[in-house]
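Everything below concerns the one structure shown next.
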Amino acid sequence: MSLSRKQRQAVECESNCLVLACPGSGKTRVLVHRTEHLLREDPGARIVLVTFTKDSAAEIRSRIIATIGREAARNVASGTFHSLALDQLKRAGFNGTIIGAGQMRQYIERALAECRLNDFDPDEAVAFVEGAKMAPDYEPGNDEHGRIFMAYVKLCERNNVIDFADMLSRSVRMMRNGEMAPKNCTYLLTDESQDMDEMQYAWCVEHIKKGAKFTVVGDDDQSIYRFRRAMGYAGMVRFHNEFNAEIIKLDTNYRCHSEILDSAALVIAHNQKRVDKSLAADRGKGGVVEAWKCKETDHEAQFVVQKIMDISANNPNDDPENQSVGILPNEWAILARNNHNLNDISMALIAYGIPHTNSGKNLWTDRPVCHALGLLSSILNGKKAGYDAALHFAGIDEDTLIRLHDDFGEDFDQLFSTANPNQFDKYGKGTGENLYKLAKLVTLWKKSLAKSRVSIVVRGVFDWFIENMNSNRDDKKSSNSYQREFRTLMAARRILGDMDGDLSKRLSKVMNKPESKQDKNKGCIFLGTLHGSKGLEFQNVWMVSMDDGVIPDTKEWTPDTHEEERRLFYVGMTRAKDRLYISCTKKPSSFIGETGIPIKSLFAEEDEAQLQESSLTS
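Residue numbers (our numbering): 50 to 667.
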């Protein structure tokens with residue numbers, strides 16, 4: 050496929066260039082061909098190509114190698130902002146350790162103790178430190194926040210560790226101070242530039258100051274990471290104004306049929322802070338767009354799954370075990386505003402035996418639910434990991450857990466084989482009572498499993514976790530965090546308790562994901578959030594629970610957040626190639642009204658069917 054006129058213009062641009070690429074406009078193709086063009090014009094040029102994910106970096110590098118060859122590709126350094134910055138730090142002598150979010154929190158809690166701020170909310174402290182690390186010009190003061198920040202920095206320096214944000218912040222600081230040179234590059238190419246935050250922008254600026262010409266590619270209409278401090282439209286305008294960048298618009302979409310793109314264009318046109326674009330669908334007409342009003346979320350889930358099965362029933366399928374489903378890889382995505390909006394969908398797919406993958410977090414990976422599943426597994430198989438995590442959740446201290454492991458070794462299940470109160474006396478009165486209580490329950494649950502009373506056991510285990518969560522509730526934990534964990538436990542209790550089959554079968558359905566290549570090649574429906582769908586495309590997309598209050602989320606309403614919610618809705622719509630379905634269960638999102646798609650009510654169809662049935666009976 051040859052390049053279009055505008056794509057070629059972006060490829061051959063001789064100045065600093067800002068490429069505004071609408072969804073499905075071939076921006077990765079443009080970056081690959083621009084790399085080829087620059088190296089053809091100047092074989093000695095050094096190119097740094099920045100992406101936002103490791104997967105994107107790997108994909109674009111493989112395409113560059115396929116286009117220009119491995120030898121020429123040696124002049125191209127590709128990676129994420131953080132991986133490129135870390136490479137700089139290592140070349141400058143850093144040989145320490147990178148710490149994750151859990152260790153970062155531990156260091157911040159130690160910083161709070163060092164500053165004698167034990168009543169300070171750790172969540173607030175973590176959020177502040179993360180934010181400060183993303184602000185290039187932050188200077189800590191002598192207030193509480195500044196003292197926490199400096200104590201944390203000194204702890205990290207003393208232990209020779211850096212956190213994720215440190216990779217960039219330290220890199221920018223050292224380049225600004227002349228302690229470290231920018232990466233050797235003639236040209237700087239940046240993908241998804243609408244997602245840049247202030248620190249990433251500053252990293253680019255340090256390279257541009259040293260003479261690198263830049264090409265930034267992005268779409269202000271797809272800026273959906275404001276919560277990560279993404280600059281979005283403002284950042285792209287800043288590139289244009291500060292460096293006199295030429296603007297080239299890639300406004301032809303090669304993914305969606307016009308019915309889908311035209312509806313999406315009507316939605317995004319309501320935003321004020323955007324670059325105006327005339328979106329055009331290269332594929333023309335032939336798409337399907339529908340919006341549906343359902344009664345409740347479980348009603349919506351049944352309708353969605355049944356309709357998907359009906360549409361996909363005639364697909365060619367070489368898998369005899371999957372003939373009844375007929376869903377092909379990458380054929381369907383079901384998207385929601387939040388992960389918990391997918392719980393009923395997941396349950397319905399499990400009930401119909403339809404393979405599906407969850408993007409990122411889901412109900413079954415949530416912390417308290419994971420612990421409950423672990424305890425159920427240990428009751429089933431006798432292994433100690435689930436018992437250990439459950440006891441920790443119930444407030445049993447680490448010293449006691451170590452003693453229990455020493456006393457019972459690998460045969461941890463023996464701890465719960467008999468409900469004898471005397472065996473727990475040596476662990477202290479309160480702790481002994483808690484251990485005895487759980488031991489009695491485990492004994493009862495095992496007897497119930499032996500009688501195939503699986504649902505009783507499932508509900509009992511989840512009730513135990515809810516009881517312990519209430520009795521050990523931490524005052525520092527926000528009400529929102531508590532409510533979220535309570536809701537996930539209750540949802541998992543209902544779903545797992547209502548399933549058919551023995552405990553092993555139920556656990557395997559919710560805990561296991563396809564792992565083998567053979568499994569991955571089976572027809573799998575992608576379940577994910579609107580945020581998680583960015584950068585992906587599917588033949589058909591269904592956006593569920595698109596209710597007012599869910600999207601737009603009105604909890605912290607401002608004109609800017611409202612426009613970002615609209616961009617999120619737009620991103621979901623433009624993942625679809627051929628069919629786009631949108632459904633709601635309460636008051637429809639105002640964004641559905643902006644699409645121009647008429648909303649069909651399932652109530653009317655069901656009422657009509659009931660009328661016909663009653664007339665036949667009479």
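Every residue gets a Cβ at the ideal spot worked out from N, C-alpha and C, and that includes glycine.
Where does residue i land, buried or exposed, given buried means 16+ other C-beta within 10 angstroms?
i	result
Gln-56	buried
Phe-442	buried
Arg-386	buried
Arg-615	buried
Glu-613	buried
Ile-451	exposed
Ser-272	buried
Glu-380	buried
Trp-341	buried
Ala-59	buried
Pro-365	exposed
Asp-393	buried
Asn-226	exposed
Phe-473	buried
Ser-64	exposed
Do residue i and residue j have their CB atoms nearer than 8 Å?
i	j	result
Ala-671	Met-229	Past the boundaries of the shown model lies residue 671; the chain is included only from 50 to 667, so the question cannot be answered.
Lys-76	Leu-299	yes
Glu-255	Ala-184	no
Ser-632	Met-595	yes
Tyr-401	Val-353	no
Val-503	Arg-555	yes
Leu-412	Ala-540	yes
Met-285	Gln-243	yes
Tyr-201	Ala-160	yes
Val-683	Asp-269	With the chain running from 50 to 667 in the structure shown, residue 683 is simply not present.
Cys-305	Arg-287	no
Cys-573	Thr-346	no
Leu-429	Ser-553	yes
Ala-382	Val-590	yes
Leu-80	Ile-117	no
Would you list the one or two residues that DSSP bridges to residue i?
i	result
Glu-255	Paired residue(s): none; Glu-255 is not in a bridge.
Gly-598	Asp-602
Phe-263	Leu-237
Tyr-250	Beta-bridge pairing links Tyr-250 to no other residue.
Thr-146	Val-210
Cys-633	Lys-342
Met-285	Answer is none; Met-285 lacks a bridge partner.
Glu-295	Cys-66
His-125	According to the sequence displayed, residue 125 carries Val and not His. Partner(s): Ile-96.
Ile-273	In the DSSP output, where bridge partners are listed per residue, Ile-273 has none listed.
Report the rounded CA-to-CA distance for residue i versus residue j, giving the unit in angstroms.
i	j	result
Arg-416	Thr-84	44 Å
Cys-419	Met-396	17 Å
Gly-479	Leu-490	17 Å
Ser-307	Asn-320	20 Å
Gly-128	Ala-106	5 Å
Lys-259	Leu-629	47 Å
Arg-536	Phe-514	12 Å
Phe-198	Val-221	18 Å
Ile-109	Asp-186	32 Å
Arg-624	Cys-164	49 Å
Val-266	Leu-67	6 Å
Lys-432	Asn-390	33 Å
Gly-577	Glu-586	12 Å
Ile-297	Leu-69	6 Å
Val-620	Lys-635	22 Å
Thr-414	Thr-264	39 Å
Val-97	Lys-604	41 Å
Asp-575	Asp-168	Looking at the sequence itself, residue 575 is Phe, so the reference to Asp does not match. One C-alpha to the other measures close to 43 Å.
Phe-652	Glu-295	53 Å
Ala-121	Asp-240	21 Å
Ala-279	Arg-78	24 Å
Ala-438	Gly-423	8 Å
Ala-434	Pro-601	41 Å
Met-518	Leu-453	22 Å
Inset, instruction - Please list the segments of the beta strand (DSSP E) lying wholly inside the region 405 to 448, counting only runs of 3 or more residues, in order along the chain. - result: 405 to 407
Inset, instruction - Counting only runs of 4+ residues fully inside the region 448 to 518, write out the alpha helix (DSSP H) ranges in chain order. - result: 478 to 499
Inset, instruction - Enumerate, from N- to C-terminal direction, the unbroken alpha helix (DSSP H) stretches of 4 or more residues contained entirely within the region 166 to 229. - result: 171 to 182, 193 to 207 and 213 to 225
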